[in-house]
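First the structure, in the form of structure tokens, and then the observations on it.
There are 2 protein chains.
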Amino acid sequence: MLLKQMNIEDTIKASNKLPDSRRLILNILVTANHINDRIGEALKDFDLSIPQFNVLRILRGQKGKPANLSTIQERMVSRMSNTTRLVDKLIAKNLVERVTCEANRRKVEISITKKGLEFLQEVDPVIDKIESEITSRLNAEENELINEKLNELRA
Amino acid sequence: MLLKQMNIEDTIKASNKLPDSRRLILNILVTANHINDRIGEALKDFDLSIPQFNVLRILRGQKGKPANLSTIQERMVSRMSNTTRLVDKLIAKNLVERVTCEANRRKVEISITKKGLEFLQEVDPVIDKIESEITSRLNAEENELINEKLNELRA
DNA sequence: ATACAAATGTTGTTGAAACAAATGAATATA
DNA sequence: TATATTCATTTGTTTCAACAACATTTGTAT
Numbered sequence: 001m002l003l004k005q006m007n008i009e010d011t012i013k014a015s016n017k018l019p020d021s022r023r024l025i026l027n028i029l030v031t032a033n034h035i036n037d038r039i040g041e042a043l044k045d046f047d048l049s050i051p052q053f054n055v056l057r058i059l060r061g062q063k064g065k066p067a068n069l070s071t072i073q074e075r076m077v078s079r080m081s082n083t084t085r086l087v088d089k090l091i092a093k094n095l096v097e098r099v100t101c102e103a104n105r106r107k108v109e110i111s112i113t114k115k116g117l118e119f120l121q122e123v124d125p126v127i128d129k130i131e132s133e134i135t136s137r138l139n140a141e142e143n144e145l146i147n148e149k150l151n152e153l154r155a
Numbered sequence: 156m157l158l159k160q161m162n163i164e165d166t167i168k169a170s171n172k173l174p175d176s177r178r179l180i181l182n183i184l185v186t187a188n189h190i191n192d193r194i195g196e197a198l199k200d201f202d203l204s205i206p207q208f209n210v211l212r213i214l215r216g217q218k219g220k221p222a223n224l225s226t227i228q229e230r231m232v233s234r235m236s237n238t239t240r241l242v243d244k245l246i247a248k249n250l251v252e253r254v255t256c257e258a259n260r261r262k263v264e265i266s267i268t269k270k271g272l273e274f275l276q277e278v279d280p281v282i283d284k285i286e287s288e289i290t291s292r293l294n295a296e297e298n299e300l301i302n303e304k305l306n307e308l309r310a
């Protein structure tokens, strides 16, 4: 199978060659956008936004242990200003629940419900498929190499 | 100068090691987010949103030739649903202007104003600095390598 | 103890994005 | 030529995010 591949200049139809730094930056942004579009599209079938999906995965990662709002915020891919209302949405769907923490009554304990876990099990394979479809275009070493280089960029 | 560097598991504080595909996907998304945060922050000093900034750069890239709305949409880093109102904002600031195309009156011709060009000249060095600050953490070959690999991911 | 500061979430408001429908202009069809 | 179809953009509506102000609980210092 032959896949046509485009550099970013073509992709965003830049009129002239970009400076190297901007070229890489744009490439990362465009690629991230591409990924988000694909995942967001798939999640629409489940009436789930990307941030909502991320919160669910974070809560599952807690393995039963509830999480505070601030914990969720820290772990979000993109930091949200109003995580409260995001959680509200998930509560309305009975996918998560919230109780105020007894030890420190300012805090709040958020956890994923049984229904939430079951729901995730339906969503997961769809997203996994997209993710591995994308990353399978590179082999494991290339994959790992990019991981390292991106880590350096964020350093 | 020693920079502390974090892998994505640490960055998003994942409780367990992620599968390779998700690992790379998340890394790209987190990195893009990091870049957007930094650029968005800098643009705030100029009362400019990232999409607005992109439109201005697209129009400058036209070198005097005006662009249609649809042309702008194609070239945007992230596709927007309502570019009309985005352009309205820039018109309100006298940075761009819009006239309906004589040849095809459905179309509209959008171009950057003199003031817009001058404004971009102020903004550019600030953004360039951020962009090269980030990309300079890798050398030219690494930089180019990632570009290629990202192109393959989007293929 | 009391007062003051910091931590943690929530709520109100405003502006932007997503989505769908509508407008107006050009083109194709009958 | 009249009518339908498509194109390019705009507009209306609903949802969501950013930001700031607020409330409540906890911690600290006098």
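One line per chain: the protein sequences are E and H, in this order. Heads up: the first sequence begins at 1 in the working numbering, then just goes up one per residue. Heads up: the second sequence begins at 156 in the working numbering, then just goes up one per residue. Note that the Cβ used here is the ideal one computed from N, Cα and C, for glycine as well. Fair warning: this is a prediction, and the values are worked out from it, not measured in the lab.
Chain-ordered chain E contacts of residue i [CB-CB under 9 Å]
i: N191 of chain H; result: L29, A32 and S78
Chain H contact for residue i (CB, 9 Å cutoff)
i: A42 of chain E; result: no
i: K107 of chain E; result: no
i: I146 of chain E; result: yes
i: T83 of chain E; result: no
i: I8 of chain E; result: yes
i: D45 of chain E; result: no
Nearest candidate by alpha-carbon position, reference residue i, set the options
i: K63 of chain E; options: E:S78, E:G116 and E:K129; result: E:G116
i: E148 of chain E; options: H:S170, H:N182, H:E229 and H:T255; result: H:N182
i: L150 of chain E; options: E:A32, E:L56, E:N104 and E:M6; result: E:A32
i: E141 of chain E; options: H:I227, H:I301 and H:N191; result: H:I301
i: I289 of chain H; options: H:L214, H:I194 and H:T239; result: H:I194
i: S170 of chain H; options: E:K93, E:A67, E:S78 and E:K129; result: E:A67
i: E156 of chain E; options: E:K65, E:K114 and E:H34; result: A query on residue 156 of chain E cannot be resolved here, the shown segment of chain E reaching from 1 to 155 and no further.
i: I205 of chain H; options: H:R215, H:G216 and H:M231; result: H:M231
i: I265 of chain H; options: H:D283, H:K284 and H:R215; result: H:R215
Inter-residue spacing [alpha-carbon to alpha-carbon] between residue i and residue j
i: L308 of chain H; j: V108 of chain E; result: 40 Å
i: K199 of chain H; j: M235 of chain H; result: 20 Å
i: L48 of chain E; j: I167 of chain H; result: 21 Å
i: L251 of chain H; j: L245 of chain H; result: Just to set this straight, residue 251 of chain H is Val in the shown sequence, not Leu. Distance between the alpha carbons of V251 of chain H and L245 of chain H: 6 Å.
i: N237 of chain H; j: E102 of chain E; result: 47 Å
i: L138 of chain E; j: K4 of chain E; result: 15 Å
i: I112 of chain E; j: Q276 of chain H; result: 50 Å
i: M136 of chain E; j: S176 of chain H; result: Looking at the sequence provided, one finds Ser at residue 136 of chain E rather than Met. Taking the straight line from one Cα to the other gives about 8 Å.
i: E74 of chain E; j: D88 of chain E; result: 18 Å
i: S124 of chain E; j: F46 of chain E; result: Note on residue identity: the sequence assigns Asp, not Ser, to residue 124 of chain E. So the two alpha carbons sit approximately 11 Å from each other.
i: L179 of chain H; j: N104 of chain E; result: 37 Å
i: N162 of chain H; j: A310 of chain H; result: 26 Å
i: I58 of chain E; j: N36 of chain E; result: 18 Å
i: K269 of chain H; j: I227 of chain H; result: 19 Å
i: K93 of chain E; j: N298 of chain H; result: 44 Å
i: R261 of chain H; j: F119 of chain E; result: 46 Å
i: E9 of chain E; j: S78 of chain E; result: 26 Å
i: K65 of chain E; j: V55 of chain E; result: 14 Å
i: T239 of chain H; j: K129 of chain E; result: 36 Å
i: V185 of chain H; j: S225 of chain H; result: 29 Å
Any C-beta of chain E under 9 Å from that of residue i
i: K304 of chain H; result: yes
i: N171 of chain H; result: yes
i: I246 of chain H; result: no
i: D243 of chain H; result: no
i: R178 of chain H; result: yes
Chain-ordered neighbours of residue i on chain H, where CB pairs are closer than 7 Å
i: Q5 of chain E; result: N306, E307 and A310
i: K13 of chain E; result: E229 and R230
Distance between beta carbons of residue j and residue i, contact taken as under 8 Å
i: L241 of chain H; j: Q207 of chain H; result: 6 Å
i: V126 of chain E; j: A42 of chain E; result: 5 Å
Partner residues on chain E for residue i, Cβ-Cβ distance less than 8 Å
i: G271 of chain H; result: Per Cβ cutoff of 8 Å: no residues; G271 of chain H is ~17 Å from chain E at best.
i: G219 of chain H; result: None at all; the shortest Cβ gap to chain E is about 11 Å.
Chain-ordered neighbours of residue i on chain H, where CB pairs are closer than 9 Å
i: D20 of chain E; result: S287, T290, A295, N298, E299 and N302
Contacts of residue i in chain E (Cβ-Cβ under 7 Å)
i: L181 of chain H; result: V77
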